[in-house]
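*Asks:* Heads up: the sequence lines are chains A and B, in that order. 1 is the number of the first residue of the first sequence in this note's numbering; add one for each residue after it. 272 is the number of the first residue of the second sequence in this note's numbering; add one for each residue after it.
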Amino acid sequence: MRHLLLIAMPLFALLLGAAAPAMEDSEKEIERYRAMIDDPMANPGYLAVDRGEQIWSLSRGTKSATLEACDLGQGPGVLDGAYARMPRYFADADQVMDLEQRLAYCMRSLQGLDLKDIVARRFGSPGKTSDMEDLVAFISNKSQGHKLAAPLAHPKEREMYAIGEAMFYRRSAINDFACATCHGEDGRRIRLQALPNLTRPSLQVQQVMGTWPAYRVSQSQTRTMQHRLWDCYRQMRMPPPDYLSEGLTALSVFLAHNGEGATINAPSIKR
Amino acid sequence: MIFLAALLAAPIASAQTISPADPATASPARVDAAIAATFAGAAVAWMPRVTQDETQRLCSLRRNEPTQAEADSIVARESATLVMPAETTVLGNWRNGEKIAQNGQGGQFSDAPGTVSGGNCYACHQMAPAEISYGTLGPTLAGYGRLHDFKPEAARAAYAKVYNPQSAFACSSMPRFGHNKILTEQQIKDIVAYLFAPDSPVNAP
Numbered sequence: 001m002r003h004l005l006l007i008a009m010p011l012f013a014l015l016l017g018a019a020a021p022a023m024e025d026s027e028k029e030i031e032r033y034r035a036m037i038d039d040p041m042a043n044p045g046y047l048a049v050d051r052g053e054q055i056w057s058l059s060r061g062t063k064s065a066t067l068e069a070c071d072l073g074q075g076p077g078v079l080d081g082a083y084a085r086m087p088r089y090f091a092d093a094d095q096v097m098d099l100e101q102r103l104a105y106c107m108r109s110l111q112g113l114d115l116k117d118i119v120a121r122r123f124g125s126p127g128k129t130s131d132m133e134d135l136v137a138f139i140s141n142k143s144q145g146h147k148l149a150a151p152l153a154h155p156k157e158r159e160m161y162a163i164g165e166a167m168f169y170r171r172s173a174i175n176d177f178a179c180a181t182c183h184g185e186d187g188r189r190i191r192l193q194a195l196p197n198l199t200r201p202s203l204q205v206q207q208v209m210g211t212w213p214a215y216r217v218s219q220s221q222t223r224t225m226q227h228r229l230w231d232c233y234r235q236m237r238m239p240p241p242d243y244l245s246e247g248l249t250a251l252s253v254f255l256a257h258n259g260e261g262a263t264i265n266a267p268s269i270k271r
Numbered sequence: 272m273i274f275l276a277a278l279l280a281a282p283i284a285s286a287q288t289i290s291p292a293d294p295a296t297a298s299p300a301r302v303d304a305a306i307a308a309t310f311a312g313a314a315v316a317w318m319p320r321v322t323q324d325e326t327q328r329l330c331s332l333r334r335n336e337p338t339q340a341e342a343d344s345i346v347a348r349e350s351a352t353l354v355m356p357a358e359t360t361v362l363g364n365w366r367n368g369e370k371i372a373q374n375g376q377g378g379q380f381s382d383a384p385g386t387v388s389g390g391n392c393y394a395c396h397q398m399a400p401a402e403i404s405y406g407t408l409g410p411t412l413a414g415y416g417r418l419h420d421f422k423p424e425a426a427r428a429a430y431a432k433v434y435n436p437q438s439a440f441a442c443s444s445m446p447r448f449g450h451n452k453i454l455t456e457q458q459i460k461d462i463v464a465y466l467f468a469p470d471s472p473v474n475a476p
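#1: Going along chain A in order, which residues have a C-beta closer than 8 angstroms to the C-beta of G389(B)?
#2: Considering only residues of the same chain and omitting the five flanking positions on each side of S350(B), which have a CB-CB separation below 7 angstroms?
#3: Give me the subset of the stretch 308-339 of chain B whose CB atoms are less than 7 angstroms from a CB atom of chain D, sorted by chain position.
#4: How would you list, in chain order, the residues of chain B whose beta-carbon sits under 7 angstroms from the beta-carbon of A166(A)?
#5: With distance defined between alpha-carbon atoms, name the residue in T66(A), S64(A), D92(A) and L58(A) nearest to G73(A).
#6: Per the DSSP calculation, Y215(A) is bridged to which residue(s)?
#7: Buried or exposed for S218(A), going by 16 or more other Cβ atoms inside 10 Å?
#8: What's the gap between the Cα of A104(A) and the Cα of L115(A)?
#9: Measuring straight from C-alpha to C-alpha, what distance separates E402(B) and H396(B)?
#10: Taking 8 angstroms as the CB-CB cut-off, is I459(B) touching chain A?
#11: Look at the alpha carbon of V473(B) and the alpha carbon of I139(A), and state the distance between them as a whole number of angstroms.
#12: Just verifying my parser: in three-state terms, what is the DSSP assignment at D303(B)?
#13: So is I306(B) in contact with chain A if we call contact Cβ pairs under 8 angstroms?
#14: I want to verify the contact list: residues of chain A whose CB lies under 9 angstroms from the CB of Y405(B), in sequence order.
#15: Going by CA-CA distance only, name the one from A84(A), V78(A), A65(A) and L58(A) that's closest to G261(A).
#16: Can you check whether the C-beta of C182(A) is within less than 8 angstroms of a C-beta belonging to chain B?
#17: In whole angstroms, what is the alpha-carbon distance linking I269(A) and T211(A)?
#18: Could you compute how far the alpha carbon of H146(A) sits from the alpha carbon of D186(A)?
#19: For M445(B), name the three-state secondary structure that DSSP assigns.
#20: Could you give the first and the last residue of the continuous beta strand (DSSP E) run that contains L195(A)?
#21: Rounded to the nearest angstrom, how far is the Cβ of S252(A) from that of D98(A), given a contact under 8 angstroms?
#22: Any idea what DSSP makes of T66(A), helix, strand or coil?
#23: If I follow the unbroken alpha helix (DSSP H) through Y89(A), where does it start and stop?
#24: Could you check whether the Cβ of N451(B) sits closer than 8 angstroms to any Cβ belonging to chain A?
#25: Determine, for Y434(B), whether the minimum Cβ-Cβ distance to residues of chain A falls below 8 angstroms.
#26: What in chain B is Cβ-close to E246(A), meaning under 8 angstroms?
#27: Kindly indicate if chain A contains any beta-carbon less than 8 angstroms away from that of A347(B).
#28: Listing by chain order, which chain A residues have their CB less than 7 angstroms from the CB of S444(B)?
#29: Over the uninterrupted alpha helix (DSSP H) stretch that includes I371(B), give me the two end residues.
#30: So the candidates are T263(A), R271(A), L248(A) and R188(A); which of them puts its Cα closest to the Cα of P87(A)?
#31: Report the neighbours of G378(B) on chain A: residues whose CB is nearer than 9 angstroms to its CB, in chain order.
#32: Among residues of its own chain, excluding the 5 on either side of A202(A), which ones have a beta-carbon nearer than 8 angstroms to its beta-carbon?
#33: Quick check: the Cα distance between A431(B) and L408(B), rounded to an integer number of angstroms?
#34: Starting from Q95(A), trace the beta strand (DSSP E) both ways and give me its first and last residue.
#35: Closer than 9 angstroms by beta-carbon distance: list the chain B residues that pair up with P241(A), in chain order.
#36: Report, in whole angstroms, the separation of the C-beta atoms of H183(A) and L195(A), which I expect to be a contact under 8 angstroms.
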């Protein structure tokens with residue numbers, strides 16, 4: 001795990017280094033902070049990985065079944081590299097799904113599990129863990145070192161990409177914000193927070209997309225992309241997007257392709 | 272250099288041709304359906320935020336680069352929304368203005384009901400040179416009043432800019448604070464004073 005980080009860091013340093021002449025003191029400060037918290041030996045996200053492993057093989061639901069036969073795209077029960085190839089189209093559901101949608105599908109179909117409690121605990125809080133966050137931490141970790149390569153061959157995958165791209169530029173709500181307002185150009189900040197340019201394929205987007213889910217130090221929780229997008233819609237002054245909804249998957253498809261080739265380092269640790 | 276590195280980093284095996292611009296893959300109606308599905312659970316009172324007005328629709332479609340004719344139509348429409356204060360001076364209290372410029376609260380689903388919205392200008396702009404926590408989505412406003420010779424007309428233009436930035440510049444990234452009722456007339460006056468009062472920290476050398 002540490003060696004992966006050592007590969008990722010020089011790439012990121014290269015990216016920042018190229019912008020060095022224009023870099024202001026405050027940006028250097030942000031970078032120092034990032035380096036400080038990016039210590040894998042101190043990542044509580046691995047507690048979520050362990051919990052997720054147990055939930056994966058826990059019998060429950062009306063069918064008293066585990067999730068172990070769940071097909072994440074690489075065949076029933078195959079976890080290695082599955083997360084690196086999602087979101088993807090699933091013929092049985094006739095739908096493009098991200099990992100959380102797929103897990104919900106398996107919970108329903110394989111386990112006969114009532115999702116009410118799962119959805120209520122979709123975002124963990126102090127003293128209340130989230131099965132979904134734990135499962136995503138466990139399964140994404142099985143893609144450690146894989147290259148992000150979500151497929152884009154099926155017409156529905158291509159449609160989701162196009163929807164995601166349109167949503168990325170879609171301005172709405174009282175502040176007229178779109179994702180592109182904050183993530184549309186290189187080297188921008190909101191207050192002191194550096195904003196990645198997510199509009200097109202780049203090392204920057206690889207750095208972002210290879211490092212979710214992440215243990216968020218500011219929230220003391222392991223968060224998934226579903227939560228990140230929920231939080232960005234909050235900043236956009238939009239209503240909360242529905243958990244596991246189509247639009248969040250569409251945005252994830254768009255982002256996954258702009259981050260294609262990223263080396264998965266998950267769960268990572270972030271501010 | 273960065274671009275080259277990104278190209279080299281791309282896996283050859285999974286290289287596919289992406290044609291996101293193919294309109295057949297996601298019509299505006301299809302995108303609207305996805306938006307409706309994504310916010311299906313939103314409270315009724317929040318639904319107006321999910322739909323777009325004509326300016327938002329056009330700026331989204333053109334990715335903030337409208338044609339000249341479209342830009343003219345946007346500026347004309349947004350200018351018609353301007354409600355300027357009756358009196359000639361638009362300068363309120365800069366000390367209140369500073370608080371409003373610093374305040375990023377309001378309008379979020381996580382806010383307590385009744386939260387008074389701030390302008391959050393520092394999210395995007397440098398203002399007082401002494402404040403180091405500022406964003407760079409907008410141009411620096413340090414010394415703004417001084418650089419405009421503290422002219423009353425310039426202060427009125429700034430009031431209009433904050434009330435509705437698109438009355439001056441189509442598809443501006445800046446929120447339409449007055450038009451969308453984020454800030455009141457008095458709050459905008461206070462912010463304009465923060466920009467234009469000679470003793471405001473914004474105009475400190």
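Quick reminder that beta carbons are idealized off the backbone N, C-alpha and C, glycines included.
*Replies:* By the coordinates alone:
#1: Per Cβ cutoff of 8 angstroms: no residues; G389(B) is ~12 angstroms from chain A at best.
#2: S438
#3: The displayed structure is made up of protein chains A and B, and chain D is not among them.
#4: A297 and V302
#5: D92(A)
#6: T222(A) and I269(A)
#7: exposed
#8: 7 angstroms
#9: 11 angstroms
#10: no
#11: 51 angstroms
#12: helix
#13: yes
#14: S26, R189, R191 and L192
#15: A84(A)
#16: yes
#17: 8 angstroms
#18: 27 angstroms
#19: coil
#20: Q193 to L195
#21: 5 angstroms
#22: coil
#23: Not the alpha helix (DSSP H): Y89(A) falls in the beta strand (DSSP E), residues R88 to F90.
#24: yes
#25: no
#26: A305, A308 and T309
#27: no
#28: T181
#29: W365 to Q373
#30: L248(A)
#31: A173, I174, N175 and R237
#32: The identity of residue 202(A) in the sequence shown is Ser, whereas the question assumes Ala. The residues are N258.
#33: 20 angstroms
#34: Q95 to M97
#35: T309, F310, G312 and A313
#36: 6 angstroms
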